[in-house]
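To get the numbering used here, take the position in the sequence shown, counting from 1, and add 372.
Heads up, the beta-carbon is just placed ideally off N, CA and C, and yes, glycines get one too.
Working notes for the structure below.
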Amino acid sequence: MIKLKTTEEIDRMRRAGRLAARLLQHVSEHVTEGTSTEEIDRICDRFTESHGAQSAPYGYRGFPKHVCTSVNDVVCHGIPSEKDVLSRGDIVNVDVTVRLDGYHGDTSRTFMIGEVDRDAELLVRRTEKAMYRGIDAVRPGKYLYEVGKAVERYLSKFGYGIVRAFSGHGIGRSFHEEPMVFHHYSRANKIRLRPGMTFTVEPMINMGGSHEVTVSSEDGWTVRTKDGSLSAQFEHTVLVTEEGVEILTSLEREQ
Ligand code: MF3
Ligand code: CO
Ligand code: CO
């Protein structure tokens with residue numbers, strides 16, 4: 373069942389989304405060469421706590437930290453660690469999710485540490501653009517699969533792999549709720565978009581051309597590309613409105 377949010381819930385979603393956006397902005401200053409992902413975790417914890425919110429990843433299905441930090445070939449769900457120190461040429465996705473007043477805001481970006489390879493930079497830029505293509509396809513009355521179609525269409529000429537094993541998701545009172553949001557065309561997403569729906573668009577894109585991923589058997593979380601190639605991701609939480617779409621995790625539309 374897909375929950376349509378009431379006006380009051382939308383208000384809370386806007387506030388949670390804005391806080392998540394501010395958190396990501398705040399941590400971005402610290403995502404630099406020499407910083408460990410553990411430090412990024414602490415920064416997220418402190419900021420979230422001091423704004424009267426909770427880090428949704430913490431304890432979610434046993435996840436041990438407050439944020440996901442996914443470096444280079446890590447696709448998603450990277451666990452912050454003192455051992456992972458960022459160095460020049462790395463790309464790292466920082467994925468934050470806050471719960472404020474019972475509602476969630478979920479957003480991520482892939483940062484480039486210093487100068488990175490031209491190919492890596494292109495992957496990162498195109499992944500962000502792919503996310504916006506997906507978001508732009510959101511309109512009431514359209515089918516949800518237009519999101520995946522738009523992402524796929526834009527990326528088709530680059531030969532990248534679009535991850536299928538993980539998707540975007542409905543979001544609200546729950547961190548993850550229906551529907552799943554695929555970043556490739558899928559009939560499973562033949563779902564009519566209606567005002568009041570809230571979900572994430574968060575394509576994970578592999579440079580190597582294969583969509584295949586593996587989950588670490590050591591920690592049960594870390595997802596890597598099967599071919600060892602780099603992977604990038606961007607994520608926003610969005611709301612379907614009467615007119616189109618509103619990005620809830622953007623700082624640009626301060627109300
Ligand atoms: N933030 C991730 C998402 O976009 C989910 C992370 S689940 C966690 O859906 F447990 F790893 F935190
Ligand atoms: Co998400
Ligand atoms: Co996320």
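Which partner residues of residue i appear in the DSSP bridge assignment?
i, result
"MET385", "Looking at the DSSP assignment, MET385 forms no beta bridge with any residue, so it has no partner."
"ILE534", "ILE577"
"THR482", "ASN465"
"GLN426", "ARG471"
"VAL439", "Answer is none; VAL439 lacks a bridge partner."
"VAL610", "PHE571, ILE619"
"MET552", "HIS541"
What is the C-beta distance between residue i and residue j, in whole angstroms, given that I count them as a contact (C-beta under 8 Å)?
i, j, result
"CYS448", "MET576", "6 Å"
"PHE483", "VAL464", "5 Å"
"ASP473", "ARG386", "Not confirmed; about 11 Å, so no contact."
"TYR515", "LYS562", "5 Å"
Would residue i and residue j qualify as a contact pair, given that the criterion is a beta-carbon distance under 7 Å?
i, j, result
"ALA604", "VAL496", "yes"
"GLU500", "PHE606", "yes"
"LEU332", "THR613", "Nothing can be reported for residue 332: it is not among the residues displayed for the chain, which extend from 373 to 627."
"GLY520", "SER480", "no"
"ILE415", "HIS423", "no"
"GLY544", "GLU574", "no"
"THR409", "SER459", "no"
"ARG471", "GLN397", "no"
"TYR475", "ALA388", "yes"
"ASP467", "CYS440", "yes"
"ALA428", "THR469", "yes"
"VAL446", "THR594", "yes"
"LYS437", "ASP413", "yes"
Measuring from the CB of residue i, is there a heavy atom of ligand 1 at a distance below 6 Å?
i, result
"PRO429", "yes"
"THR469", "yes"
"ASP478", "yes"
"TYR432", "yes"
"HIS555", "no"
"PHE483", "no"
"HIS608", "no"
"PHE435", "yes"
Going by C-alpha distance, which of the options is nearest residue i?
i, options, result
"SER528", "THR409, ILE415, HIS583", "HIS583"
"PHE571", "VAL488, GLU618, LYS455", "GLU618"
"ARG564", "GLY513, VAL585, GLY461, ARG490", "GLY513"
"THR404", "MET373, VAL488, GLU380, VAL446", "VAL488"
"THR597", "LYS562, ARG511, VAL443, ALA560", "VAL443"
"GLU493", "LEU391, GLU550, ARG505, ASP462", "ASP462"
"GLU549", "ASP478, HIS555, LEU602", "ASP478"
"ALA509", "GLY616, ASP491, MET552", "GLY616"
"GLU381", "ASP445, ASP491, SER546", "SER546"
"HIS556", "THR407, VAL468, ALA537, ASP473", "ALA537"
"ILE451", "GLY600, LEU611, GLY592, GLU624", "GLY592"
"ARG505", "GLY600, SER400, GLU524, GLY542", "GLU524"
"PHE530", "ALA502, LYS377, GLY542, ILE374", "ALA502"
"SER601", "VAL535, LEU516, LYS377, LYS375", "VAL535"
"LYS455", "MET373, GLU411, SER588", "GLU411"
Less than 6 Å between the CB of residue i and some heavy atom of ligand 2, yes or no?
i, result
"THR572", "yes"
With a cut-off of 7 Å, does the C-beta of residue i fall near any C-beta of chain B?
i, result
"GLU584", "No chain B is present in this structure, which holds just one protein chain."
Going by the C-beta, is residue i closer than 6 Å to any heavy atom of ligand 3?
i, result
"GLU500", "no"
"GLU421", "no"
"GLU549", "no"
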